[in-house]
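J.: Residue numbers (this note's numbering), protein chains in the order written: chain A, 108 to 447; chain B, 272 to 781; chain C, 5 to 352.
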Amino acid sequence: MNTATGTAPAMPVQMEEEPAASVSLARRIGTFLARQYLAGVLLVLVALLSVFQPAIIGAGNINSVLLQAAITGVSACGMALLIGTGLLDLSVPGVIAISALTAAALLPNTTIGVAIAGALAVGALAGLINGVLVAYLKIASFIATLGTQYLFLGIAFIVTEGGIVPIESYYYRSMATQSLGPIPVSFLVLLVVAGLAYGLLYWTHFGRGLRAIGSNERAARLAGVPVSAFKAAAFVIAGVSFAGAGVFLSGLLSSASGTMALSFELNAIAAVVVGGTALRGGRATLAGTVVGAVLFSYLSNALNLLGVASYWQYVLTGTVLAVAVAAGSLRRGPEARGAD
Amino acid sequence: MANDNVVDVRGIVQTYPGVKALKGVDLKVDRGQVLGLVGENGAGKSTLIRILAGIESPVDGEVWVRGERVNFHTPTDAQRAGISVVSQEFRLVPELSVADNIFLCHEISAGGVVRARETRDRTQELLDLLELDVDPGRLVGTLSVADQQMVEIARALSREFDVLVMDEPTAALSAPEAQRLLGIVRKLASSGKAIIYVSHHLDEIFAVCDVITVFRDGNSVWNGSTSKLDESALVELMLGREPQAFVHTLCGQDYHDDDRPPRLRVRELSAPGLRRAVDIKVHPGEVLALAGLAGSGRMELMGALAGDVRAKSGAIEVDGVPVSVRSPFAARSAGIFMLSEDRKQEGIVPHLDVTENTMISKPWAARKGLAKWFTLSGLENSTFMTLRKRMRIRVPHGQVLIGSLSGGNQQKVLLARAVESQARVMLLNEPTRGVDVGAKVEIYELIESLAEQGAGVVVSSSDIPEVVAVANRCVVFHAGRPVGELAGDNITEDNITALALGQFKEVSHA
Amino acid sequence: MPEQSVLEATTVPTAPSGATKPRSRRVLGSGVIDSLVVAGPLVAIVIVAWAIAPNFMTGANISNILSNAALLAIVGFGMTLAITVRGIDLSVGSAQAFAACVTGISVNSLGVVPGILIGLLAGVVVGALNGMLVTLFAIPAFVATLATMTAMRGVALLTTDGTSVYISDPHFTQLATLSFGGVELSVVVAILLGIGTWFLVRHTTLGKHILAVGGRPQAAAESGIRVSRVLLVVYVLAGLMVGIAAVLLSSRLAVVNGTYGVGLELQVIAIAVLGGTSLAGGRANVVGTAIAALLLATVNSTLNLLNVPSYWQYVAVGLILLAALSVDGIRRMSKSRTGRASQAGGAA
């Protein structure tokens, strides 16, 4: 009896035979652009700032913006995967710190490859801890990872006794800062990582499971998606991506420390959200995430060059987050029903 | 306005996106009168109740209370106008006590401070009236479903009201409790209250109501005195045709001679919500229906079989092989697929298109080569297009988001998911809930074809005509236990209803 | 209008009268029992600390622990309310820094009383902002307060330009340590606020509505409770608590800085959850929050006394939080496993 109220709209759907692929491609481009309203706003801001401060669009500066964007972007790709699954990871600063410290500790004794592998392995382990807490102990992801952020940071501080571990290896540093023309290698790595994340999310059964969990976890569970295992795996993958960001960041800084990436989780979340991914889960735009990372880095760089107090960076990040989510939430109407 | 009608509903229209739930219904109740509101599932009764309760506002039409036109925007508006509602879905907060729940949002208070003593005493009076023996300080979450139902009723009575709307108030009650409630209803009426009584139990309607209004497909099709009708005439009004229109679409076979192992065999399974361990068997090609009221245990059994709720003890075998269903994932891997009764909350995945929604339950073992890991959209699309044709799913292409489909088409996509899961045991909960008549028949045909292809199908349904239509065999649940099994010609609406209400002796064997 | 209640209108000869029924009064509410569960570890930690830490049982140390616990508990009461309505407030640390900076600046420029009032107002403003983001824009609480946490940190740093502001007024700086029979003002305030919050939850209509909104939001809404209003009030109250704690903190330290309160949200969520307030909503345990605040303050103080590097406190708090959350998670899981079936009342 009560079902009439709970029933989804019964729209008459024509039985036209349409070439599905081309329709969906055109539609996909359309919806992609429609979701970039925030990126649009930031683009206008960047353009305005560039007029005031032409140095912002100088070649050297673009290079440093892209370096920064690569670091934010690589961690944002992992974050996008989690957000698509309806999860969040606030432990990014801690994961970056402990993985970079691992690399810094290994470097004097081994090759760069082993050091990086070690860092990524530590990231995976940290992700596994997060994953177990969230998927198997059923703790809300934002709060569990808030706890592990402090745990990992605490470990980093204890290991370094609150100090900084320098990185001497020339090759490690140049790996992080080298450029092909005006484009840093790390940014090219970001493009590859974003491509891999897209493929994972949209071309594999695992990714479909993640999106299903983000969209309607209960339905995904009943449909036979191994929800807990998939969530834990998503955290592990995200942990590896944060560790990747940690490798680039430590190379750029030539050091590793507990404080090297404080409040970096917000940059990663902001890049994802600015790129047009809703925090509700169910989907994620990786191309948008790259765009978001670039715009966000550009903006903070411009604020620096303009001599604005660095504290404004916090205000900006917080405001962008709130506006992005509020706008997404107000536009929710049709999407909540899935009519997107 | 000089008439006795306390409530006068005129031409109410209510639409949901794409659905016209009410197409202009009328309803009148006088003081001291009990009005029975009857109709099939989806006829619009609950929608009208939600409007009278102030939870929804109608698109068009008028509601008059005591000769005044009213417009309810919130539940409080309705309460102020003297309308009190016993809703079918409990509006109880498990974390609050019985007393706090009963007086929630109209607390007995002074300056914002609740007067605990007085609240307790008033609660005790109400509980005594309903002959409910629970402590007013007990948390509602610790009560049985039947006691919760009584608290919900006590809550409606705790307000000052002229009109009491009761939506399926006996759904969770035992027969003696229901009888007692009917007595209270009569008493309230004789004290001058107007009562709108909604029930599927026609015997209750005839026992307690003075007048009857019949809803069908969003219209009020009949109203008049109870004495002008008998049960069969009322059923005919509700259905709009002769009740004999139902025919067995599946012929009854005797599966017990089959020497293959049963598709599903359940031994001594006990699970939360079941008061007795259950044994059932489903053979290949058989449709077993589980009937019974809400809370009777059949939904809990389905949940345990699908790994959604963990069984306490017992064994489950699929094709003679013992399986462990610790999660829905484990169940699916063991060849068991469940369709949830709640399509929106537990069925569709709104961000995925219809193709992805169809393919999501395909197990690892059924995928080959690259498709084991990758989704390969070309391959999946052609699979979906085949299913679309076979199952008559009305979508232009496979990339339509599932949320934009009608209820019937969504259900067909979910049944396509069942097909792709390649499960040998299909557990279908309320397969046609909220589905229009045309799609209903098509879904019955699909269920039949699933069985014909060798699956063991279990249909759990509260729609008794549906059980009669699809079942080869039927197990009826009452109060947490299976109370009877019907097969072949014994599967009749009367027999199922009698068993479901706990009246075991009245079952006639053909 | 309806003239009289049904009870007066109907006579029920068969029912026994209320007065003759036996009444089982629950002497101990479930909340008190839950609080005792936290009190056990507290006693254990105090004994261990007494045994291993020199100077633990000194008057100065005890008083220090009490006033630290008081500041944590005050914010914790607000957090308890937020968690009870299935929300969270991650902005407490930044909001405390902001309110403290505002207090310091306005005490210096406007005087003690206006300074205090403006400090409290600053807390309320952040709370109202959180409440509006959660209700008007329907943003999940953790995202909304994550955003305000970030933004308010920036604003707090901007108000003092990143430097420390010293408060010169001796009346103000003696306020927090003002002694009432050996008990500091901050402890007295915490006790009063604790009793107030407990009373609010247990004995007022607003409290019932808070529990209902947290326990079953839809049932609350359909019962006629204005859910948004309740949520807004809760976030404003949480902000007010932060403001009160900020005023006491700035009085005690006599210097304010935009970096105050980093990581405070973690400690405060930890004490609320440890105290027995479930993240599932609908259950507030104010007494538990207060006891857990004492526990955390004792742990911090003991680590200090033992000269353990301060980073270990990060690890300790993180572990305490994760342990409390795990217990809560496991409890919710076992509840939902048995609970789902018994809720099946609705659809027939």
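Just so it is clear, CB atoms sit at the ideal spot from N, CA and C, and this is done for glycine as well.
1) Give every residue of the same chain whose Cβ lies closer than 7 Å to the Cβ of Leu307 of chain C, excluding the five residues on either side of it in the sequence, and list them in chain order.
2) Can you check which of these residues, B:Val625, B:Pro621, B:Lys633, B:Lys583, is closest to Ala607 of chain B by C-alpha distance?
3) Near Leu363 of chain B, what residues of its chain come up, given a Cβ to Cβ distance below 7 Å and the 5 sequence neighbours on each side ignored?
4) Following the continuous alpha helix (DSSP H) through Asp371 of chain B, name the residue where it begins and the one where it ends.
5) Assign Ser183 of chain C to buried or exposed, taking buried as 16 or more other Cβ atoms, counted over all protein chains shown, within 10 Å of its Cβ.
6) If we count the other Cβ atoms within 10 Å of its Cβ and call it buried at 16 or more, is Ser206 of chain A buried or exposed?
7) Residues of chain C with CB closer than 9 Å to the CB of Phe264 of chain A, please, in chain order.
8) Buried or exposed: Ala151 of chain A, going by 16 or more other Cβ atoms within 10 Å of its Cβ?
9) Could you please give the first and the last residue of the uninterrupted beta strand (DSSP E) stretch that includes Val241 of chain A?
10) For a quick check, are the C-beta atoms of Val341 of chain B and Val334 of chain B less than 8 Å apart?
11) Going along the chain, which residues of its own chain have a beta-carbon closer than 7 Å to the beta-carbon of Gln271 of chain C, five neighbours each way excluded?
12) Could you pull the start and end residues of the alpha helix (DSSP H) that His312 of chain A belongs to?
13) Once the 5 residues before and after Gly669 of chain B are set aside, which same chain residues still bring their CB inside 7 Å of it?
14) Nearest CA to the CA of Ala750 of chain B: which residue from B:Ser470, B:Arg695, B:Ala443, B:Lys458?
15) Residues bridged to His749 of chain B by DSSP?
16) Counting only beta-carbon separations shorter than 8 Å, does Ser182 of chain A have a partner in chain B?
17) Listing by chain order, which chain C residues have their CB less than 7 Å from the CB of Val422 of chain A?
18) Asn276 of chain B by DSSP, collapsed to three states: which one?
19) From which residue to which residue does the alpha helix (DSSP H) around Leu686 of chain B run?
20) Apart from the five residues just before and just after Ala330 of chain A, which ones in its own chain have a Cβ nearer than 8 Å to its Cβ?
21) Identify the residues that DSSP records as bridge partners of Glu389 of chain B: which are they?
22) To which residues of the same chain is Ile199 of chain C closer than 7 Å at the C-beta, ignoring the five residues directly before and after it?
23) Need the endpoints of the alpha helix (DSSP H) that Val246 of chain C sits in, please.
24) Over the uninterrupted beta strand (DSSP E) stretch that includes Ala465 of chain B, give me the two end residues.
25) How about Ser206 of chain A: is its C-beta nearer than 8 Å to some C-beta of chain B?
26) At which residues does the beta strand (DSSP E) containing Val172 of chain A begin and terminate?
27) Mind listing the chain C neighbours of Leu258 of chain A? Cutoff is C-beta to C-beta under 8 Å, in chain order.
28) The alpha helix (DSSP H) that contains Thr84 of chain C, what's its start and end?
29) Is any beta-carbon of chain B found at less than 8 Å from that of His207 of chain C?
30) Beta strand (DSSP E) containing Lys552 of chain B: first to last residue?
31) With Arg157 of chain C and Ser98 of chain C assumed to form a contact (beta carbons below 8 Å), what rounded beta-carbon distance in angstroms separates them?
32) Cβ of Leu149 of chain A within 8 Å of Cβ of Val381 of chain A?
33) Ignore the nearest five residues each way along the sequence and tell me which others in Arg536 of chain B's own chain have a CB closer than 7 Å to its CB.
34) Give me the Cα-Cα distance between Gly523 of chain B and Ala758 of chain B, rounded to the nearest whole angstrom.
35) So Phe645 of chain B contacts chain A; which residues on that side make the cut at Cβ distance below 8 Å?
36) Between the alpha carbons of Ile136 of chain A and Thr384 of chain A, how many angstroms are there, rounded?
T.: Checking against the coordinates, here is how it stands:
1) Trp316, Gln317, Ala320
2) Before going further, note that residue 607 of chain B is Ile rather than Ala in the sequence given. For the residues B:Val625, B:Pro621, B:Lys633, B:Lys583, the minimum Cα distance to Ile607 of chain B belongs to B:Lys633.
3) Asn372, Val411, Gln419, Val422, Glu423
4) 369 to 373
5) exposed
6) buried
7) Pro313, Ser314, Tyr315, Trp316, Tyr318, Val319
8) Here residue 151 of chain A is Val; the residue named in the question, Ala, does not match the sequence. Val151 of chain A comes out exposed.
9) Premise fails: Val241 of chain A is in no beta strand (DSSP E) and is neither H nor E.
10) yes
11) Leu76, Leu300, Val321
12) 312 to 322
13) Asp624, Val625, Thr626, Asn652, Phe655, Met656
14) B:Ala443
15) B:Arg752
16) no
17) Ala155, Gly158, Val159
18) strand
19) 678 to 691
20) Ala319
21) DSSP output for Glu389 of chain B lists no bridge partner at all.
22) none
23) 231 to 257
24) 465 to 469
25) no
26) That residue, Val172 of chain A, is in no beta strand (DSSP E); its alpha helix (DSSP H) goes 166 to 191.
27) Tyr318, Val319, Gly322, Leu323, Leu326
28) 63 to 88
29) yes
30) 549 to 553
31) 4 Å
32) yes
33) Lys552, Glu588
34) Because the pLDDT of Gly523 of chain B is 41, which lies under 50, any placement of that residue in the model is unreliable, and the number read from its coordinates should be weighed accordingly. Cα to Cα, Gly523 of chain B sits roughly 7 Å from Ala758 of chain B.
35) Trp310, Thr311, His312
36) 15 Å
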